[in-house]
Every structure is written in structure tokens, then in C-alpha cells.
DNA sequence: CAGGTTCAGTGATAGCCTCTAACTAAATCT
DNA sequence: AGATTTAGTTAGAGGCTATCACTGAACCTG
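Chains as they are written, first to last, in my numbering: chain A, 805 to 1024; chain B, 805 to 1024.
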């Protein structure tokens, strides 16, 4: 099947080891501090050797970004577990983010202005959206049957190309976007340390946001 | 008053010009691409000259971060305009962020693991929180009078050291945190380009989030 | 206004980094 | 066994941050 020659095996193995060291480096000092040279030294190689395996720093980072997307998609797919349980998905997302904040930032962090993500990462991104969108549609199933959608939901239904034919109702599109932005809002501020010293439990805020997404509590 | 010698005047002027070039560079290529050397060349100076004005790259970036915080605090103070109108504040925040995304990321973007913000930036951060928290308290004034706070609000009231004695009610603390995280959630994903190609109008999503904060719309 | 002091800016240098080029040596294929 | 591919090397160009010793001009003081 795979028809893997020994050379290809070795190549894949070394590429994996390079990524292992890179992940370690990023986790402790951030993506901007990643150094091919330092990785080479750690592996007992001399600098330029790594260019046999990755065309440059950018390509290595791109590979790590792809892996991060892949890991998140798989984690959510497991978290969904067929049931498409929104709180379970949200919880899986949070655990994934807390397990390696820098990996989360690799996916959802500050972008480099010049950089354009390759096609396949956007494909995985679509996969992630699909999982969440399906869960949103399921969470709304049976509710608000056939009513006229709210203005924003209608607007979203008019621009749903990104769902790639997903038959989710307009309200599900809205729910998905609020789910995404709200969870990201709590997670990114928490991981960035902006809650540091504030004393409260970010997990409870996160849970409250999840609960509110499913059953908004009237405040006024 | 200021007792400014010509030398001090010149120093301040050059420091300002360095920051001007730095801002320009960051706006077009991100903070990680900031180069003291390049700034020096642009100013017709030779590399090491800049070290007379900033002890190093970190100190320059820190100055830019402080300026960004200051700018945001001032913008919100004007946006509040005494009235403490939450939608107006949210709108001012969005305009500020859109005007210079990289400046927004300087404040709320991916943190560098090693870096610790100096004391005065956290002071400005507290100032920003105060403006928003006051607006939240005002928005809730007269509503839900004297009822028992929800579990999360009670938890927040138990950990309110960060409010520095602000007498906002527990519900206002909760409203502030959701305001902060939700607006940041939409803004950061939008500015990071994660909505690119999705076609919908992020401004409408943002407005809907603001509206929902003030009058949650029941979905179930 | 003369003399000493302070300070902006310089070139040289060390030590990182990315990435290219030419070469060696080993593994693989025919 | 010989030809080819390829992993890894050293050398080096060009960028960066940052330090150091030095020059020359601006400034303050007597």
C-alpha cells in the first residue's frame, strides 16, 4: 500500500523529530522564538541540515499550524462522539486549549500580516466548523419551529457559502458564530494572562457562557 | 513648569520619531518584524544610535504597548462621554480596533511567554476596566433590584479585588466580563482574518452581541 | 568667553539568526 | 560494481540585537 522505502521512513521520522523539538520550543518561548539553528543543535546536527527536511522556518511553522488544526479537529470529533453535544464540545475545546496554550495561539492567535495559510489548513478549519455547526443545529432541533428568522440570522443565511452546503437553519448559523466568538473570547483572554491576578475562576465564566448559549438568561 | 532643556526637547522628539517609524513598521508587518536597525536606517542613523533612546527592542515595544493602552483608555473615556453608554463604548472600541489592528493585538494579542508587562500598563488596564465597569453598572441600574445574585455573579463578587473598590453590583461584574470577552471574541477573530471569505458582515454580528448583552434574547 | 563636562552619534565587534552554495560520503538503485 | 541519489558537512553572505571605545559637537559654569 504505502510502498515506503527505508529512506522515506527515515525522512518522515526525522521530520517528526524536528517538529517535536519545535513544539517544545514554541510551548516554552512562543512561536516567534522558534529557531531552526537551535533545533539542529539539540538534535546533534549542524544548522543547514534541517533545510533538507523543511524549506525554511515558515514551512516548519506551517506544518505545526497544520498539525494543530488537525489535532483540534480530531479532538472535537472525539468530543462530539456522534452525539454532537454542545457542552461536551465546548469542554473538549477548553481542555485542548489549556493543554498547550501556544498551540491554541498557533491556530487562533495574532496573525502575521504577510502570511497566508495554505489550502489544506482552511480545509481542516472547515471540518472544525462543520462539527460545531452540526452540534449547533442539533441543539436547536425541535425549537423555534418554522418561525421567521431574526434579522441577523437571515443575513447569515444569505451568506452561507462557507458552510459548504450544510443544511443548518439560520438560527444555527447564528448560534455557531456566537459559540465560536464567545468561547474564543474567554479562552484567548484567559490564555493570554489577562485574567491573571483577578482571582475569579475562568472555568466558571466559560461554563456560564456555554450555558447561556443554550438557554439565554434574561437580564433585563 | 516643565523646565525642559533643549537637549530634553530633542531627546523627546527623537524618541517620538522612533516610535512613529516603529508603529508604521508594526502596522505593516506585525510586532515580530520590528527591527531597530531598519528604523535607524530609515532615520539616516546607524544602528547603535537608537540605543541612546531605548535600552533595546523590548523597551521600545513596551513603550508602544503603553501608548496603545493609553490610546484605548482615552478613546473609551471620550466614547463614554460622561454618559457611560454601553453601546457607544462598544462602538468606540470597535472603531479603535479597526483603525489599527496591529495596535489592538499589541494590547490583546498573543503574549510572549517570557514577557511581563510593567506596572504602569496594568494601571492603565485598570483604568479601562473601570470605564467599562461603570458603564455596566449604569446599564443595570434600576433593574433586578436587590434579588439574590446568580451563582457566577456571587462568585465574582467574592473575588472583586481587581475592581479596586468599585461599588458595582455582582451582576455588573458579570456583565463586564461577558462584555469584555464577547466583544474581544468577535474583534480578535475578525481582525485575525478568520472571517475572511465567509461573506457575512462582522459589524452586524458585533452589534447583535452588544444588543444581546443589554437584553438577552431567549433562544429556547 | 574659555574650559570642562555631558552626550549624540560613529565604526568595530561579538554572537545570534536564516538561508545558499559547494562539497563529501554513505546509502540506494540498476 | 558502477552510477545515482541524497543526508550531512563546512564556508559564507547578509540580517539582526547589543556592547564598547571613541569622536566631535553641544551645553553648562566660572
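Glycine included, C-beta positions come from ideal geometry on N, C-alpha and C.
Give the secondary structure of residue 963 of chain A by DSSP, where H, G and I count as helix, E and B as strand, and everything else as coil.
Here residue 963 of chain A refers to the residue found at position 159 of the first chain. Coil at residue 963 of chain A, not helix or strand.
For residue 900 of chain A and residue 931 of chain B, what's the separation of their Cα atoms in angstroms?
Against the first chain, residue 900 of chain A aligns to sequence position 96. Against the second chain, residue 931 of chain B aligns to sequence position 127. Using only the alpha carbons, I get a separation of about 33 Å.
Quick check: is the beta carbon of residue 805 of chain B nearer than 8 Å to any beta carbon in chain A?
Within the second chain, residue 805 of chain B is the residue found at index 1, counting from 1. Residue placement at residue 805 of chain B is flagged as unreliable, the pLDDT there being 49, under the threshold of 50; the coordinate-derived value follows with that caveat. Chain A, which has no Cβ nearer than 8 Å to the Cβ of residue 805 of chain B, makes this no.
The alpha helix (DSSP H) with residue 952 of chain B in it runs from where to where?
Here residue 952 of chain B corresponds to residue number 148 of the second chain, with the count starting at 1. Per DSSP, residue 952 of chain B belongs to no alpha helix (DSSP H) and is neither H nor E.
Quick one: any contact between the region 841-861 of chain B and the region 928-943 of chain B, if contact means 3 or more CB pairs under 8 Å?
no
How about residue 893 of chain B: is its C-beta nearer than 8 Å to some C-beta of chain A?
Residue mapping note: residue 893 of chain B aligns to position 89 of the second chain, counting from 1. Not an interface residue.
Please report the straight-line C-alpha distance between residue 968 of chain B and residue 919 of chain A, rounded to a whole angstrom.
In the second chain, residue 968 of chain B corresponds to position 164, counting from 1. In the first chain, residue 919 of chain A corresponds to position 115, counting from 1. Rounded to the nearest whole angstrom, the C-alpha separation of residue 968 of chain B and residue 919 of chain A is 41 Å.
For the candidate residues B:888, B:994, B:977 and B:980, whose alpha-carbon lies nearest to that of residue 985 of chain A?
Mapped onto the first chain, residue 985 of chain A falls at position 181. Per the Cα distances, B:994.
Please go through the same chain and pick out, in chain order, the residues whose beta-carbon is closer than 6 Å to the beta-carbon of residue 846 of chain B, but skip the five residues on each side of it.
Along the second chain, read from residue 1 onward, the residue named residue 846 of chain B stands at position 42. Excluding residues within five positions, the ones whose Cβ falls inside 6 Å are 825.
What does a CB cutoff of less than 8 Å around residue 759 of chain A pick up in its chain, not counting 5 residues either side in sequence?
Outside the modelled stretch of chain A, which goes from 805 to 1024, sits residue 759 of chain A, for which no answer is possible.
At a Cβ threshold of 8 Å, is residue 934 of chain A touching chain B?
Numbered from 1 along the first chain, position 130 holds the residue referred to as residue 934 of chain A. By this cut-off, residue 934 of chain A is not an interface position.
To the nearest angstrom, how far is it from the Cα of residue 879 of chain A to the Cα of residue 897 of chain A?
Indexing the first chain from 1 puts residue 879 of chain A at position 75. Indexing the first chain from 1 puts residue 897 of chain A at position 93. The alpha-carbon atoms of residue 879 of chain A and residue 897 of chain A are separated by roughly 8 Å.
Can you tell me which of A:851, A:811, A:873 and A:1023 puts its alpha carbon nearest to the alpha carbon of residue 953 of chain B?
Counting from one through the second chain, the residue named residue 953 of chain B turns up at place 149. For residue 953 of chain B, the nearest C-alpha among the options comes from A:1023.
Got a sec, what are the start and stop residues for the alpha helix (DSSP H) residue 879 of chain B sits in?
Within the second chain, residue 879 of chain B is the residue found at index 75, counting from 1. For residue 879 of chain B, the uninterrupted alpha helix (DSSP H) run begins and ends at 861-884, by DSSP.
Thinking C-beta only, is residue 1006 of chain B closer than 8 Å to residue 917 of chain A?
Here residue 917 of chain A refers to the residue found at position 113 of the first chain. Here residue 1006 of chain B refers to the residue found at position 202 of the second chain. Their beta carbons are not under 8 Å apart, which means residue 917 of chain A does not touch residue 1006 of chain B by this criterion.
For the region 828-853 of chain B, which residues have a beta carbon sitting closer than 9 Å to at least one beta carbon of chain A?
831, 832, 833, 834, 835, 836 and 837
So what does DSSP say about residue 989 of chain A, is it helix, strand or coil?
Here the question's residue 989 of chain A lines up with position 185 in the first chain. It is helical.
Measure from the alpha carbon of residue 981 of chain A to the alpha carbon of each residue in A:819, A:849 and A:940, then state which is nearest.
Here residue 981 of chain A corresponds to residue number 177 of the first chain, with the count starting at 1. Of the listed residues, the one whose Cα sits closest to residue 981 of chain A is A:940.
Write down the C-beta distance between residue 1014 of chain A and residue 891 of chain A rounded to the nearest angstrom, noting that I regard them as a contact closer than 8 Å.
Here residue 1014 of chain A corresponds to residue number 210 of the first chain, with the count starting at 1. Here residue 891 of chain A corresponds to residue number 87 of the first chain, with the count starting at 1. The Cβ separation is near 5 Å, so the contact holds.
Please identify, using Cβ separations under 7 Å, the residues of the region 862-889 of chain B that lie next to chain A, in order along the chain.
none
Could you check if residue 814 of chain B is buried or exposed, using at least 16 other CB atoms within 10 Å of its CB as the buried criterion?
One-based indexing of the second chain puts residue 814 of chain B at position 10. By the 10 Å Cβ count, residue 814 of chain B comes out exposed.
Between the Cα of residue 912 of chain A and the Cα atoms of A:822, A:1003, A:987 and A:809, which residue gives the shortest distance?
The residue labelled residue 912 of chain A in the question sits at position 108 within the first chain. Cα-wise, what sits closest to residue 912 of chain A is A:987.
Determine the direct distance from the alpha carbon of residue 1020 of chain A to that of residue 975 of chain A, and round the result to whole angstroms.
Residue mapping note: residue 975 of chain A aligns to position 171 of the first chain, counting from 1. Residue mapping note: residue 1020 of chain A aligns to position 216 of the first chain, counting from 1. In a straight line, the C-alpha of residue 975 of chain A is about 14 Å away from that of residue 1020 of chain A.
Output, in sequence order along the chain, the residues in the region 987-1005 of chain B whose CB is closer than 8 Å to any CB in chain A.
987, 988, 989, 990, 992, 993, 996, 997, 998, 1001, 1002, 1003, 1004 and 1005
Given that residue 966 of chain B touches chain A, what residues does it touch there, using C-beta distances under 8 Å?
Position 162 of the second chain, counted from the first residue, corresponds to residue 966 of chain B. Within chain A, 1001, 1002 and 1003 have C-beta atoms less than 8 Å from the C-beta of residue 966 of chain B, given in sequence order.
What three-state label does DSSP hand residue 1002 of chain A in the structure shown?
The count along the first chain starts at 1 and reaches residue 1002 of chain A at position 198. Residue state, collapsed to three classes: coil.
Expressed to the nearest angstrom, what Euclidean distance is found between the alpha-carbon atoms of residue 990 of chain A and residue 808 of chain B?
Translated into positions along the first chain, residue 990 of chain A becomes position 186. Translated into positions along the second chain, residue 808 of chain B becomes position 4. Distance between the alpha carbons of residue 990 of chain A and residue 808 of chain B: 46 Å.
Where does residue 978 of chain B land, buried or exposed, given buried means 16+ other C-beta within 10 angstroms?
Along the second chain, one-based indexing puts residue 978 of chain B at 174. The residue in question, residue 978 of chain B, is buried, as its Cβ has 16 or more Cβ neighbours within 10 Å.
Taking all protein chains shown into account, do 16 or more other C-beta atoms lie within 10 angstroms of the C-beta of residue 888 of chain A, making it buried, or fewer, making it exposed?
For the purposes of this step, residue 888 of chain A is taken as residue 84 along the first chain, with counting starting at 1. Buried, since its Cβ has 16 or more Cβ neighbours within 10 Å.
Let me see if you follow: with CB-CB separation under 8 Å, is residue 916 of chain B close to chain A or not?
Along the second chain, one-based indexing puts residue 916 of chain B at 112. Residue 916 of chain B counts as touching chain A.
List the residues of chain A that residue 1012 of chain B touches, going by C-beta distances under 7 Å, in chain order.
Locating residue 1012 of chain B in the second chain gives position 208, counting from the first residue. Within 7 Å Cβ-Cβ: 956.
Give the residues from the region 897-922 of chain A that approach chain B closer than 8 Å (Cβ to any Cβ), ordered along the chain.
906, 909, 912, 913, 914, 915, 916, 917 and 918
Closest to residue 926 of chain B by C-alpha separation, out of B:874, B:996, B:822 and B:886, would be which residue?
Position 122 of the second chain holds residue 926 of chain B. Ranking the options by Cα distance to residue 926 of chain B, first place goes to B:874.
Quick one, which of A:837, A:840 and A:928 has its alpha-carbon nearest residue 876 of chain A's?
Residue 876 of chain A sits at position 72 when you count from the first residue of the first chain. It is A:928 whose Cα lies nearest to the Cα of residue 876 of chain A.
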